[in-house]
Amino acid sequence: MSAPTPAGPAPDGPGLQRPDFGRPSPALLERAVRGYARFLADPGPDADIGDHDQDDDAPGLR
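The working numbering puts the first residue of the sequence shown at 25, with every later residue one more than the last.
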């Protein structure tokens with residue numbers, strides 16, 4: 025048996041997805057901003073940014 029066909033359009037109401045579906049949360053945006061700011065920050069004076077010992081390789085091994 026099937027359900028009867030509705031006489032009019034479906035009433036407007038909450039659907040299966042939240043109204044803000046697809047938009048990042050404020051907490052997620054804040055976390056991204058902090059990470060990007062840390063990425064752009066100047067390294068401290070004690071930071072060893074070195075060349076990761078690339079000059080110490082033997083000449084014929086590359």
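Even for Gly, the Cβ is constructed at its ideal location relative to N, Cα and C.
DSSP-derived helix/strand/coil call for residue i
| i | result |
| --- | --- |
| Pro50 | helix |
| Gly59 | helix |
| Leu64 | helix |
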